[in-house]
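In the working numbering, the protein residues as written are 91 to 664.
What follows is a short report on a single structure.
Pasting the structure below:
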């Protein structure tokens with residue numbers, strides 16, 4: 091292994107090769123990329139490239155599944171009123187849409203179930219008291235928590251005191267000391283006693299597996315395979331690892347996007363400029379579709395997103411709702427940018443050479459719906475755990491936390507609790523994303539304890555993998571480019587191939603910065619905003635001089651080959 095210091099990260103060159111002879115010829119740089127993604131056999135290669143329903147795990151390995159199926163089936167047989175509460179993000183609304191479409195599809199009367207999406211600003215995350223009162227008023231016979239409920243012991247106790255069976259379908263972290271809510275069925279692959287092989291399902295994926303098991307047990311007729319797009323959407327939205335079963339679910343789901351099964355999603359894709367004549371790329375879903383859906387819950391009501399995901403017919407208001415979410419997303423972008431700049435000013439624009447162990451910023455003026463995005467941007471820029479707070483009307487502080495790889499937030503917050511005395515402390519989430527609320531006077535105590543807890547971990551360093559060294563001419567090899575496209579879906583845990591190439595020269599073509607080989611072959615550039623901010627100034631200084639870069643070749647518009655620029659190695663002379 092060799093190490094290279096880039097402008098953005100430390101890069102490790104792993105000169106690997108497949109340990110088996112693939113059935114079909116594969117270019118050597120692609121073989122290295124496959125080996126770096128853990129492919130060790132032809133069967134694993136087939137699973138990586140060709141999704142199959144048989145690759146999905148047995149849902150009966152989920153904890154409490156038989157009990158959950160019993161209560162669900164009894165409610166359907168008795169036509170009980172089913173009340174479901176879901177989170178207001180894409181995973182929650184997708185899970186609610188999936189459950190509602192299933193109930194409607196198998197003939198459960200539409201006036202005998204309700205999908206409640208809490209208002210972020212009035213109710214907050216999870217099961218609110220107003221939702222409980224609404225459930226009581228409607229004569230609920232089964233209460234279901236989707237993408238929430240893991241830490242709602244008190245609310246579930248209240249439901250059970252009313253004699254209402256409760257079913258939790260969630261995926262949030264379960265503390266080792268926590269058995270879980272005393273629900274009649276607590277189905278969560280993160281439970282310590284779970285036998286399910288994939289701990290990192292989304293809540294929609296948990297719901298999907300639950301409904302697959304219900305069909306297997308009770309034979310309810312419903313085309314559940316056509317709902318797999320909701321699972322793909324949720325896994326990408328919650329940034330679950332794109333490996334193993336999750337990769338299969340996303341691959342299968344993206345194939346259903348172009349089909350005319352969810353007109354609301356199509357209307358949103360048109361607004362976002364995502365083509366409808368092919369399955370979307372994962373990055374198109376993550377950066378163009380998901381933010382528009384999430385804008386509903388961030389700024390107004392997530393019921394707008396639910397509306398687009400639930401309806402299977404082209405009802406009159408779908409174009410209006412899609413347009414409204416597009417406008418909300420533009421507003422969200424403005425609010426996010428203003429809050430990010432204010433947070434950077436508050437933090438004093440720390441340099442990479444003198445960063446604290448953790449970043450905490452707070453303001454009563456910031457919109458609750460964007461603080462998680464601001465925290466994510468801080469982690470992206472400085473690669474340190476970050477919490478961004480805004481203040482509630484009662485003086486308490488609601489925060490959103492994000493963390494880089496290697497600093498698990500549930501562990502950190504368990505330490506924070508032990509380090510300081512808080513008047514109020516409530517937290518829940520995943521290893522790299524969490525939400526929390528603290529008391530009005532607890533901000534400084536939290537800031538100190540959070541920094542101390544994060545300091546107990548090795549300083550996070552952005553480390554990335556180079557799959558192979560290639561010659562400039564190989565970047566124009568159609569076979570290699572096509573193979574790079576076959577790594578879709580890409581994201582956390584499954585990146586597109588990254589190649590180290592020497593001898594490319596920054597230049598301008600039609601006024602646009604590009605990289606060229608010799609004098610004839612020009613490669614337009616693709617990059618994210620942060621990459622552009624930090625790499626473009628260096629490239630402009632190097633115009634006409636050969637450089638070494640980390641790139642991924644891909645097909646752009648007009649089938650031309652573009653380079654996704656990952657980093658520049660300034661000290662590696664070509």
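Backbone N, C-alpha and C fix where the C-beta goes; we use that ideal spot for every residue, glycine too.
All values reported here derive from a predicted model rather than from experimental measurement.
By the DSSP assignment, the beta strand (DSSP E) with residue 489 in it spans what residues?
Counting from one through the chain shown, the residue named residue 489 turns up at place 399. 487–492 is the extent of the beta strand (DSSP E) around residue 489.
CB residue 181 to CB residue 277, shorter than 8 Å?
Here the question's residue 181 lines up with position 91 in the chain shown. Here the question's residue 277 lines up with position 187 in the chain shown. Contact flag unset, no.
Can you find the residues in the same chain that come closer than 8 Å, C-beta to C-beta, to residue 628, ignoring five residues on each side of it along the sequence?
Counting from one through the chain shown, the residue named residue 628 turns up at place 538. Counting only Cβ-Cβ distances below 8 Å, and skipping sequence neighbours, we find 97, 658, 660.
Pull up the distance between the alpha-carbon of residue 613 and that of residue 143, whole angstroms please.
Within the chain shown, residue 613 is the residue found at index 523, counting from 1. Within the chain shown, residue 143 is the residue found at index 53, counting from 1. Each residue's Cα considered, the two are about 39 Å apart.
At which residues does the alpha helix (DSSP H) containing residue 394 begin and terminate?
Locating residue 394 in the chain shown gives position 304, where the first residue counts as 1. Residues 393–400.
The beta strand (DSSP E) spanning residue 312 covers which residue range?
Residue mapping note: residue 312 aligns to position 222 of the chain shown, counting from 1. Note, residue 312: premise wrong, no beta strand (DSSP E); not H, not E.
When DSSP builds the beta bridges, which residues end up paired with residue 92?
One-based indexing of the chain shown puts residue 92 at position 2. Residue 92 pairs with 103.
For residue 433, I'd like the list of residues in its chain whose CB is within less than 7 Å of its CB, leaving aside the five on either flank, ordered along the chain.
As a working note, residue 433 is residue 343 in the chain shown. Taken in chain order, the residues that qualify are 451, 464, 468, 478.
Using the Cα positions of residue 516 and residue 217, report the straight-line distance between them to the nearest angstrom.
Position 426 of the chain shown, counted from the start, is the residue given in the question as residue 516. Position 127 of the chain shown, counted from the start, is the residue given in the question as residue 217. If you take the alpha carbons of residue 516 and residue 217, they lie about 14 Å apart.
Taking DSSP as the reference, what is the three-state secondary structure of residue 480?
On the chain shown, position 390 is the one that residue 480 refers to. Residue 480 falls in the strand class under three-state DSSP.
Scan the segment 493–558 and note each continuous beta strand (DSSP E) run of 3 residues or more that stays entirely inside, going in chain order.
515–519, 523–528, 553–556
In the DSSP assignment, the alpha helix (DSSP H) including residue 160 goes from what residue to what residue?
In the chain shown, counting from the first residue as 1, residue 160 sits at position 70. Element bounds for residue 160: 155–167.
Look at the alpha carbon of residue 319 and the alpha carbon of residue 132, and state the distance between them as a whole number of angstroms.
Position 229 of the chain shown, counted from the first residue, corresponds to residue 319. Position 42 of the chain shown, counted from the first residue, corresponds to residue 132. Residue 319 and residue 132: Cα-Cα distance of roughly 27 Å.
Length of the line joining the Cα atoms of residue 173 and residue 302:
In the chain shown, the residue the question calls residue 173 occupies position 83. In the chain shown, the residue the question calls residue 302 occupies position 212. Spanning the two alpha carbons is a distance of roughly 20 Å.
Exposed or buried, residue 599, counting other C-beta atoms within 10 Å across all chains shown (16 or more means buried)?
Looking up residue 599 in the chain shown gives position 509. With fewer than 16 other Cβ atoms within 10 Å, it is exposed.
In the structure shown, what three-state DSSP assignment does residue 413 receive?
Position 323 of the chain shown, counted from the start, is the residue given in the question as residue 413. In the structure shown, residue 413 sits in a helix (DSSP, three-state: H, G or I).
Taking the CB atoms as reference points, tell me whether residue 243 and residue 271 lie closer together than 8 Å.
Position 153 of the chain shown, counted from the start, is the residue given in the question as residue 243. Position 181 of the chain shown, counted from the start, is the residue given in the question as residue 271. Yes. Within cutoff.
Is it the case that the Cβ atoms of residue 149 and residue 337 are separated by a distance below 8 Å?
As a working note, residue 149 is residue 59 in the chain shown. As a working note, residue 337 is residue 247 in the chain shown. Not in contact: residue 149 and residue 337 (Cβ atoms no closer than 8 Å).
By a C-beta neighbour count over all protein chains shown, 10 Å radius and 16 as the cutoff for buried, is residue 175 buried or exposed?
The residue labelled residue 175 in the question sits at position 85 within the chain shown. By the neighbour-count rule (16 or more Cβ atoms within 10 Å), residue 175 is buried.
For residue 322 and residue 118, what's the separation of their Cα atoms in angstroms?
What you label residue 322 is simply residue 232 of the chain shown in a count that begins at 1. What you label residue 118 is simply residue 28 of the chain shown in a count that begins at 1. Answer to the nearest angstrom: the Cα atoms are 31 Å apart.
So, do the segment 366–384 and the segment 575–590 have three or more beta carbon pairs nearer to each other than 8 Å?
yes
Three-pair Cβ contact test at 8 Å for the segment 494–506 versus the segment 530–542
yes
Can you tell which of 456, 264, 145, 227 has its C-alpha closest to the C-alpha of residue 283?
Walking along the chain shown from the start, residue 283 turns up at place 193. Considering only alpha carbons, the answer is 264.
So, helix, strand or coil for residue 657, using DSSP?
Taking the first residue of the chain shown as position 1, residue 657 is located at position 567. Looking at residue 657 - three-state DSSP - the assignment turns out to be strand.
N- and C-terminal bounds of the alpha helix (DSSP H) containing residue 125
For the purposes of this step, residue 125 is taken as the residue at position 35 of the chain shown. Taken as a continuous stretch (DSSP letters only), the alpha helix (DSSP H) holding residue 125 covers 118–126.
Report yes or no: do the segment 337–355 and the segment 217–230 share at least 3 C-beta pairs separated by less than 8 Å?
no
First and last residue of the uninterrupted beta strand (DSSP E) at residue 50:
The shown model of the chain, from 91 to 664, leaves out residue 50, and the question about it has no answer.
Distance check for residue 215 and residue 267, CA to CA, integer angstroms please.
Translated into positions along the chain shown, residue 267 becomes position 177. Translated into positions along the chain shown, residue 215 becomes position 125. With a pLDDT of only 48 at residue 267, under 50, the local geometry of the prediction cannot be trusted, and no value is derived from it.
From this set, 585, 125, 210, which residue's C-alpha is nearest residue 384's C-alpha?
Working through the chain shown from its first residue, we reach residue 384 at position 294. Ranking the options by Cα distance to residue 384, first place goes to 210.
Distance, residue 647 Cα to residue 447 Cα:
The residue you call residue 447 lines up with position 357 of the chain shown. The residue you call residue 647 lines up with position 557 of the chain shown. Cα-Cα distance, rounded: 42 Å.
Rounded to the nearest angstrom, how far is the Cβ of residue 232 from that of residue 255, given a contact under 8 Å?
The residue given as residue 232 occupies position 142 in the chain shown. The residue given as residue 255 occupies position 165 in the chain shown. That belief holds up - the Cβ atoms of residue 232 and residue 255 are roughly 5 Å apart, short of 8 Å.
Which listed residue (160, 204, 519) has its alpha carbon closest to that of residue 400
In the chain shown, the residue the question calls residue 400 occupies position 310. The option with the nearest alpha carbon to residue 400 is 204.
Give me the Cβ distance between residue 498 and residue 473, rounded to the nearest whole Å; I'm assuming they're in contact under 8 Å.
Locating residue 498 in the chain shown gives position 408, counting from the first residue. Locating residue 473 in the chain shown gives position 383, counting from the first residue. Actually they do not touch by this definition, with Cβ atoms about 15 Å apart.
In the DSSP assignment, find the alpha helix (DSSP H) that holds residue 62 and state where it starts and stops.
Missing from the structure shown is residue 62; the chain here goes from 91 to 664 and no further.
Going by the beta-carbon positions, is the gap between residue 527 and residue 588 smaller than 8 Å?
Counted from its first residue, the chain shown places residue 527 at position 437. Counted from its first residue, the chain shown places residue 588 at position 498. No.
Apply the 10 Å Cβ neighbour rule to residue 126 and answer buried if 16 or more other Cβ atoms are within range, or exposed otherwise.
Taking the first residue of the chain shown as 1, we reach residue 126 at position 36. Buried, because 16 or more other Cβ atoms sit within 10 Å of the Cβ of residue 126.
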